[in-house]
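**Q** Numbering (my numbering), first residue to last: 4 to 178. Ideal placement from N, C-alpha and C gives every residue a C-beta, glycine not left out. Owing to the predicted nature of the structure, the values given are computational and were not obtained by experimental measurement. First the structure, which I've put down as structure tokens, then a few questions once you've had a look.
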Amino acid sequence: MTETSQKPTGLGIAAVLLIALGVLSLMGVGMLWPMFILVPGLMMLGIAFAGGRAGAAAMSIPGMLVTGTGALMFVQNLTGHWESWAYAWTLYGVFLGMGFMLMAQRLGDPSLHRVGRGFVNISLLVFAGLAFMFEIIFGIGRYGGMNALLLIGLGLFLLTRGPVCNRIKARIGES
4 MTETSQKPTG LGIAAVLLIA LGVLSLMGVG MLWPMFILVP GLMMLGIAFA GGRAGAAAMS
64 IPGMLVTGTG ALMFVQNLTG HWESWAYAWT LYGVFLGMGF MLMAQRLGDP SLHRVGRGFV
124 NISLLVFAGL AFMFEIIFGI GRYGGMNALL LIGLGLFLLT RGPVCNRIKA RIGES
């Protein structure tokens, strides 16, 4: 028996869309509004990949920015952690970099890929630093008090087990 690769039929695509709509409906209407941002972004990315080589490749950048915004809004809407905007804005550098990388893939331009990779790396570093600062140090999340205790505990651990403690022990031994 030979296998033949078949393109998705209209019926198959309709079935997948119906299943996706059903799953989204189970989540409740109030949770669906980020889809009005996410879906147009995905459509822009689709144009970037389905369209002609050079002209449509430029849609990668706005497509990634809009898709990233929709995904970010979707996650924040699900979790209710809107305070994360204090540092989540740094992800726009990630979205931009990913857009550059997708565009570079379509155009076959390694220098554009390097620029995109730089945006992604730097933005993720800034995101991690600000997330740590706002969530752990300032405690904007739900567990602010626990985070403060974690920092105190880590500081005490470093004092009793780290190089500072070794210097203190050495000085005590010298006297």
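1. Within 10 Å of its beta-carbon, does Leu41 have 16 or more other beta-carbons around it, so buried, or fewer, so exposed?
2. If Gly96 sits next to Phe122, beta carbons under 8 Å apart, how far is it from one beta carbon to the other, in whole angstroms?
3. For Ser114 and Phe103, I'd like the C-alpha separation in whole angstroms.
4. So, Met2 versus Met101, is the Cβ gap smaller than 7 Å?
5. On the three-state DSSP scale, how would you describe Gly155?
6. Could you pull out every residue in the same chain whose Cβ sits closer than 7 Å to the Cβ of Gln79, ignoring the five residues on either side in sequence?
7. Can you tell me whether Ala84 is helix, strand or coil according to DSSP?
8. Count the other CB atoms within 10 Å of the CB of Met4; is the residue buried (16 or more) or exposed (fewer)?
9. My understanding is that Leu45 touches Thr72, with C-beta atoms under 8 Å, so please give their C-beta distance in whole angstroms.
10. If Met76 sits next to Pro43, beta carbons under 8 Å apart, how far is it from one beta carbon to the other, in whole angstroms?
11. Out of Ile64, Phe39, Tyr90, which has the shortest C-alpha to C-alpha gap to Met47?
12. Kindly give me the distance between the Cβ atoms of Met106 and Ala61, rounded to whole angstroms, as I take these residues to be in contact under 8 Å.
13. Would the beta-carbon of Leu133 fall within 7 Å of that of Tyr90?
14. Taking the straight line between their C-alpha atoms, what separation do you get for Gly55 and Phe160?
15. Relative to the alpha-carbon of Ser126, which residue among Ala57, Ala17, Leu99, Gly111 has its alpha-carbon at the smallest distance?
16. If you draw a straight line from the alpha carbon of Ala59 to that of Phe52, how long is it in whole angstroms?
17. Hey, Phe130 and Thr93: beta-carbon distance below 7 Å or not?
**A** Considering the structure as presented:
1. buried
2. 5 Å
3. 10 Å
4. This structure cannot settle anything about residue 2, because the visible part of the chain is limited to 4 through 178.
5. As written in the sequence, residue 155 is Ile, which differs from the Gly given in the question. Of the three classes helix, strand and coil, the one that applies to Ile155 here is helix, per DSSP.
6. Trp85, Ser87
7. What sits at residue 84 in the sequence shown is His, not Ala. His84 falls in the coil class under three-state DSSP.
8. Reliability fails at Met4, whose pLDDT of 48 lies under 50, so the model's placement of it is uncertain and the value that follows must be treated cautiously. By the neighbour-count rule (16 or more Cβ atoms within 10 Å), Met4 is not buried but exposed.
9. That pair is no contact at about 12 Å.
10. Not really, about 13 Å apart at Cβ, beyond 8 Å.
11. Ile64
12. 7 Å
13. yes
14. 59 Å
15. Leu99
16. 7 Å
17. yes
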